[in-house]
Amino acid sequence: MAILRGRFNSERAAWGAGLGAVLAFILILTVAGASGVTFDHTLRTVTMGGALLGLVTGVLGSFAVLRRQSLLGDALSHAALPGVVIAFIVQGRALSALLIGAAIASLTAMAFISALTRTTKIKQDAAQGITLAAWFAFGLILLSYVQGRPDAGQAGLDKFIFGQAAALVQSDVLLIVGVGALVCLIVALFWKEFKLLTFDPEFAAANGFPVRFLDSLLSSLIVAAIVLGLQLAGVILMVGLLIAPAVAARQWTQSLGVMVLLSGAFGAFAGSTGAVLSGVDVNMPTGPLMIVAACAVVLVSVLFAPGRGIVWTVMSRRRERQAVGRPSLGGVQPVMVKRSADDGQ
Amino acid sequence: MKLKVITLLMMVCVFVSVSAAQPSEPVKIVATTTQASDLVTILLGDLVGTEVQLTALLGAGVDPHLYKPTESDIAAMGEADAIFYSGLHLEGQFDTVFNALRERGIVTYAISTPVKEQGFTFGGFTLSEELVDVDDPHFWFDPRNWELATAGTAEALSELLPQHADSISANAEAYIGDLQTLHVWAVEAMSVVPEDQRVLITSHDAFNYFGDALGWEVRGLQGLSTQDEAGVADIQAIAAYVVERNISVMFVESSVSPDAIEAVRESVTAGGGRVAIAPRHLFSDAMGAPGDFGGTYIGMLAENVSVIVMSFGYDLPAWPDGLLPEMPQELLTLE
Amino acid sequence: MNTKTAPTALEINDLTVSYHSKPALWDIDLSIPEGVMAAIIGPNGAGKSTLIKAVLNLIPRAAGEARFFGLSYQQARNRIGYVPQRGSVDWDFPTSVLDVVMMGLYGKLGWIKRPGKAEREKALGALSQVGLVDFAEHQIGQLSGGQQQRTFLARALVQEADLYFMDEPFAAVDAVTERAIVDILQALRTNGKTVVVVHHDLQTVTDYFDYVALLNVEMIASGTTEAAFTEDNLKRAYGGRVAFLTHQEV
Amino acid sequence: MDQVLVSLALNFFSADQINAFMSDPRSVATLVGALVAISGALLGTFLFLRQMSLTTDAISHTILLGIVVMFLVMTAGFGLEPDMSSPLLILGAAAAGLLTVMLTETIQRTGLVKADAALGLAFPLLFAISIILVSRYADNVHLDVDSVTVGEIGIAWANTRSVCLEGCESVIITPDSPQAEVARVCANCVAENISPRSPSAVFVENCSNCGTYTAAQAYANGLSETTPTLVFLPKAALTMGIITLINLLFVGLLYKELKLATFDAALARALGLRPGLLHYALMALVSVTAVGAFDAVGAILVVAFFIVPPATAYLLTQRLSRMLLLGALFGALGAYTGYDLARGNLLGLVDMNRVLGWLDGVVGLGGYTTWNVSISASMVMMMFVFLLLAWVFAPRQGLIAGMIRRRSQAVRFTDQIVLRHVANHQGHADESIELAVNTLHEHFRWSASRLGWTLRRLRALNLVHIEDGLVRLTERGTNAVMSLD
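Protein chains in written order, with this note's numbering: chain A, 1205 to 1549; chain B, 10 to 344; chain C, 494 to 743; chain D, 340 to 824.
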């Protein structure tokens, strides 16, 4: 059985999944075109931007999910608030200043999470929760302080840095291309180091790799992508696009490289599909549609991915049951075949 | 209206218990929004600071959706004799809190009450025809509504401070006059823009009353709900509309990210059109800083009008004689 | 003992490690000659794994040092192979058996360079040594416990080290796998390599190992199996449980 | 329920005393805070141990779905008047919370997705669906979480239900009543998309205040001349009281089962305890508690109450029962001291107004130096402060304890290492190499001065002496080494 699984789990399944995503996108394009979507500059820009953003978050999301940092996007979107308010107090309401403030606050939050998990037995999830609550509360304290100040610029400060996907413009796309290229370059350069770090940090340390440095580098990449994405596409989209494509891609392949590529492809699919669908009718918000598209990919993957998918597992279990049950006539209950039965070749 | 006698009776009771017991203590009034506190200040005139202690919960520029009550706000509410709030659910679930406080004998008054009673609210809910009871809370953007609110609030204040009823109603009368002048000026100013161009495009749907008062069409990219998010088709629709109507300028509010309107502009430009984004924000839910022109109701409304008219490239008519506050010179130029 | 003159694969001098509030290792002196298969044995909590981790610089030391072939860890790093405990990684990680084995070569490759055909060949060679060549493209999560252990062993083998450290390689593996692993290790020894194994099964010590270090926070005894693996030393290492244990022994 | 509670309380206190306590913002905030703290600690501890701490945060996002769906069902489905105060909306929110945790458990149970990712799939999806629903069907309604929940602990004292003691006559207003008020509603404005001010608008007149009023409501709205005697109970205290009671019962009755299911699910299953069912029950309680608490105290405070105090307790103890207790204690303490912090008083030690004043001098705050901030956020900050204190000062796991321990251990170790070393080698063939005073430091990889210092100390303590350039134990030293074991 294991051999069977192994063969089906080869890269062919992943290629199939990637191809399926492309075909699905073409199908959606056709249907959308038939239902009167105008493929103008706006739709092209948002589609392109969504696809590229999905690609970048898909790539980095693979690492975030494998490192059990899936919810970092959510934690950091809250943790950015104090940075935004301090930047406002110091510099006023300039978007770039607010974003720098947000990035600094996110990085301090990240550092605190890592310090807490390193020096105590508190786990990643609780450390993220603590940081989220404390940073956000500090932001609220600052916000309520600013609220009392006699100047009028602070309205909507806590939402101001969060963009929405439909509002992507050409310069945003160029920014994503720049950041995305940098991210992909670094990931490619440090590919084997990141892989080893994610899989077995102790072995990496024993082999002389500077684990702390690599860890901060990878974390910083994820933080940078999150802050960028928050500004361009909003909170919820960042959380979703960081997780869903990676989880979906994980089902199709056994190789990290293929997973990262496929996750990027799924992210791009979700981003572009959401954009196209939101062009069908008014009042179809782009970001949430991207999430729904990404979750649809997850659903298909979890159900039908060969080897791991639920349908696959149920069917192969039934086959095994038949194979075991047939010769033993009458009264014998089907026996569950253990995975370790193939031990010792 | 028929309630008046009873209310008066009750208010007198409250007043007696308040003022008779401690004649030297000022009457403590809390106003939630900046608009409400502006109105109460104008109606009470010199009484504020002497016989009345007025606390405004929302400071300058505070968006009521995002307002976080502070410790002193809570304390002020705990000691208040009367609370004046905007209503129409602008303060969210605080409505229920105000209802509960009323059971303790605290006077609470929604300044939108007369507008609601007259049926001059906009229903926001369009899913079913019968259901129009979820109102757009930005009623103050129509000066005519604000006149009604002034009268109603003056009445409530007179009941609270019967010994000053005369001065309050005099203040109200004068202020209603000012509001009418303002309305006339604003309509005149806004009709400088040619009729086919009178479309106000903003990022957030807060200007229905404003447009209605001044005879403009209003299109918001996003709905009233703060959770509403735009889609590609929304951007395309607005962009197409801008091109179709040949609109030259769009507006951004202070409390919303300008990204979406920026995207509309790019869409229009890519289609060969031309549209600008106004260099200055409009006031939507919040007013300006106290002491500034935009820190009063009249100033806030006039500043919005001036930003719109000048962004369209027209000159403002002269500021009405004697209408206070005086419009500052720097508002007559756009930076 | 003439440890100063004989070629020594591992020399630990006065090593002390504290772990949280408790001392985990006390003033350990140990020298393991080249070409032996050595077992580190002792009761639970004796600091066996801690000893390996401290030697490999994975946890801080309070005092003392370890030298490998007379060199420091940094200098000798490429001559050392390490097999951590099986439970230390996420076996659902998307990577193939071959890939894991190639990770053994990352340290030698240096920064940025990617493993190529030569590395692949080496890894396949190591896999065939441990009898997993048919599983090369399998995802690691599909392996049984024994196969996972052999994968880790192969990852150490490709390092072509002269000195191997293995943390509990026989924990929760079946008898067949254990035998297979032992065969590989003994082959290594035959080729002049040195193997240091954290071991917990006293019954197999004399069969598998020719060198023993008995540890219980302090070093109780070390030396060839005949010399050190005595009832007396076991009693000192295992305390009250020794009567039961020595009856089963041999 | 309210009546029973009040008549019970009236045995001990007068109505005025109850009202005085219940109208003090601080006492009510502390009371409600303590209740949420107990619930949060009871359930949050298990979430913490199951590594699902972020569940409440996820629920805080997804309750929007419940609110929106319930709103649409109420209005479009049943044609009810849209009412933002309806308890049905809160019920919908609770259902959405339940859906979130159930969806997460289900995704996780496929074994294909890890816990954190399962949560991270469930809540963006549900949130995305709610945004789509808002944008499509309710974008012109001021509909968001803030408009349905009060969500502010500082205001809990004012959001009351009244219990009437005397003069409790209800009042019915019919359109014919003298007090009936008439309000106009535009009948064709929405349908024809016209302004109510336009000449073609048609109005219908409705009685705006008709209905049945309790004595308190009648008094509040000036519809009755009698003044009823009322006792005011904060709604937040009531709901949280009930929820806390349920949680106490659940954890109290199923304590050992929960403990086993959390630490060793396999054993629990073997013993026939059905840990899966237990987890679903736990998560259901979590969602109900979280939503109830969102309404009472606000999302950020709930997230904090569920995570921060249990984590603080975890730094101080490893025993589950103590964790539950300490968690509740730190939560309640955070609520109590947080109220002071909102006024600028940090634990009675620091006056935050002065801090602001100082900051104004250093970086310039434009002269606005009044510390007057959000109560909820201050409570979270205080919980965080306690966590930091525990992190730094915890007697066993704390940073300082660790540092002191390492420092004192280093000294003790240094002594013991030398003593042991001497004991190990004394009398062996290699002693001339291992114990030479001049080269001894090399064996430890220490500096010569560190060893010299140590030797001086050991000699002063009469534990070692030096003979022929070799270090040797004195009799006292030998005894000391023996006693080390």
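Cβ atoms here follow ideal geometry from the backbone N, Cα and C, with glycine treated the same way.
Quick check on the burial criterion: 16 or more other C-beta atoms within 10 angstroms. Buried or exposed for residue i?
| i | result |
| --- | --- |
| A/Thr1477 | buried |
| A/Leu1533 | With a pLDDT of 42 at A/Leu1533, under the threshold of 50, the modelled position of this residue cannot be trusted, and the question is left open. |
| D/Arg448 | exposed |
| A/Phe1243 | exposed |
| D/Ile825 | Missing from the structure shown is residue 825 of chain D; chain D here goes from 340 to 824 and no further. |
| A/Ser1375 | exposed |
| B/Lys37 | buried |
| B/Leu48 | buried |
| A/Phe1292 | buried |
| B/Gly281 | exposed |
| C/Thr687 | buried |
| D/Asp355 | exposed |
| D/Arg682 | buried |
| C/Glu719 | exposed |
| C/Phe658 | buried |
| D/Phe417 | exposed |
| B/Leu140 | Any reading at B/Leu140 must be qualified, since the residue scores a pLDDT of 44, below 50, and its modelled position is unreliable; the value itself is stated next. Under this definition B/Leu140 is a buried residue. |
Could you check if residue i belongs to the surroundings of the ligand MN, using beta carbon to heavy atom distance under 7 Å?
| i | result |
| --- | --- |
| D/Thr753 | Ligands are entirely absent from the displayed structure, and the ligand MN is therefore not among its contents. |
Closest by CA to residue i, which one among the options?
| i | options | result |
| --- | --- | --- |
| A/Leu1264 | A/Val1427, A/Leu1372, A/Leu1379 and A/Ala1291 | A/Val1427 |
| A/Pro1414 | A/Pro1489, A/Leu1425, A/Leu1401 and A/Ser1423 | A/Leu1401 |
| A/Ala1370 | A/Val1502, A/Ala1509, A/Thr1251 and A/Ala1238 | A/Thr1251 |
| A/Leu1555 | A/Gly1461, A/Leu1233 and A/Ile1447 | The requested residue 1555 of chain A does not occur in the structure, where chain A is confined to residues 1205 to 1549. |
| A/Val1170 | B/Gly101, B/Gly96 and B/Arg274 | No answer is possible for residue 1170 of chain A: it lies beyond the span of chain A, which begins at 1205 and ends at 1549. |
| A/Thr1323 | D/Ala733, D/Leu610 and D/Glu531 | D/Ala733 |
| D/Val702 | A/Leu1285, A/Phe1470, A/Ile1290 and A/Leu1434 | A/Ile1290 |
| C/Gly600 | A/Lys1399, A/Leu1280, A/Gly1277 and A/Leu1361 | A/Lys1399 |
| C/Thr509 | C/Ala502, C/Leu503 and C/Ala517 | C/Ala517 |
| B/Val277 | B/Trp149, B/Tyr250 and B/Pro288 | B/Tyr250 |
| C/Val698 | C/Ile505, C/Ile533, C/Ile525 and C/Ser524 | C/Ile533 |
| D/Lys595 | D/Ser399, D/Leu572 and D/Arg658 | D/Arg658 |
| D/Ala559 | B/Glu271, B/Gln62, B/Pro171 and B/Arg111 | B/Arg111 |
Contact set between the stretch 370-394 of chain D and chain A, restricted to residues whose Cβ is under 8 Å from the partner: For the stretch 370-394 of chain D, the beta-carbon criterion of a distance under 8 Å to any beta-carbon of chain A is satisfied by Phe387, Gln390, Met391, Ser392 and Leu393.
Near-chain A residues of the stretch 39-71 of chain B (beta-carbon distance less than 7 Å), N- to C-terminal order: Listed by position along the chain: Gly68, Ala69, Gly70 and Val71.
Contained alpha helix (DSSP H) runs [length at least 4] in the stretch 531-603 of chain C, N- to C-terminal order: When DSSP assignments are scanned along the stretch 531-603 of chain C, the uninterrupted stretches of alpha helix (DSSP H) that are 4 or more residues long and fall wholly within it turn out to be 541-548, 566-569, 590-596 and 599-602.
Three CB pairs or more closer than 8 Å across the stretch 296-304 of chain B and the stretch 330-342 of chain B: Contact annotation: the stretch 296-304 of chain B touches the stretch 330-342 of chain B, with at least three C-beta pairs closer than 8 Å.
Segment contact, 8 Å Cβ cut-off, at least three pairs: the stretch 318-329 of chain B with the stretch 183-199 of chain B: The stretch 318-329 of chain B is in contact with the stretch 183-199 of chain B.
Runs of alpha helix (DSSP H) lying entirely within the stretch 451-522 of chain D, each at least 4 residues, in chain order: Segments of the alpha helix (DSSP H) lying fully in the stretch 451-522 of chain D: 454-476 and 484-487.
Positions along the stretch 541-562 of chain D whose CB lies within less than 8 Å of some CB in chain B: Using a CB distance below 8 Å, the part of the stretch 541-562 of chain D facing chain B consists of Phe542, Ser547, Asn548, Ala555, Gln556, Tyr558, Ala559, Asn560, Gly561 and Leu562, ordered along the chain.
Residues in the stretch 192-223 of chain B having any Cβ partner in chain A nearer than 9 Å: Along the stretch 192-223 of chain B, there is no position whose C-beta sits under 9 Å from a C-beta of chain A.
Complete runs of the alpha helix (DSSP H) confined to the stretch 1311-1354 of chain A [at least 4 residues]: Within the stretch 1311-1354 of chain A, the complete alpha helix (DSSP H) runs of at least 4 residues are 1328-1352.
Inter-stretch contact (C-beta, 8 Å, three-pair minimum) for the stretch 404-415 of chain D and the stretch 670-677 of chain D: With a cut-off of 8 Å, the stretch 670-677 of chain D and the stretch 404-415 of chain D do not count as touching, because too few Cβ pairs lie within range.
Validate contact between the stretch 1307-1316 of chain A and the stretch 637-652 of chain D using beta carbons, cut 8 Å, 3 pairs: No: the two stretches stay apart, fewer than three of their Cβ pairs being nearer than 8 Å.
Cβ-based contacts, 9 Å cut-off: residues of the stretch 1320-1334 of chain A near chain D: Listed in sequence order: Leu1320, Thr1323, Thr1324, Lys1325, Ile1326, Lys1327, Gln1328, Asp1329, Ala1330, Ala1331, Gln1332, Gly1333 and Ile1334.
Chain-ordered residues of the stretch 229-258 of chain B with a beta carbon less than 7 Å from chain A: Near chain A, meaning a CB-to-CB distance below 7 Å, the residues of the stretch 229-258 of chain B are Glu238, Ala239, Gly240, Val241, Ala242, Asp243, Ile244, Gln245, Ala246 and Ala248.
Near-chain A residues of the stretch 589-609 of chain C (beta-carbon distance less than 9 Å), N- to C-terminal order: So the list reads Ser589, Asp592, Val593, Met595, Met596, Gly597, Tyr599, Gly600, Lys601, Leu602, Trp604, Ile605, Lys606, Arg607 and Pro608, given in the order they occur along the chain.
Every unbroken alpha helix (DSSP H) inside the stretch 1220-1280 of chain A [4 residues or more]: The stretch 1220-1280 of chain A contains these whole alpha helix (DSSP H) runs: 1245-1270.
Unbroken stretches of the alpha helix (DSSP H), 4 residues or longer, contained in the stretch 1428-1515 of chain A: Taking only runs of at least 4 residues, the alpha helix (DSSP H) segments lying wholly in the stretch 1428-1515 of chain A are 1439-1456, 1460-1482 and 1490-1508.
Against chain C: residues of the stretch 1428-1458 of chain A by CB proximity under 7 Å: Using a CB distance below 7 Å, the part of the stretch 1428-1458 of chain A facing chain C consists of Arg1454, Thr1457 and Gln1458, ordered along the chain.
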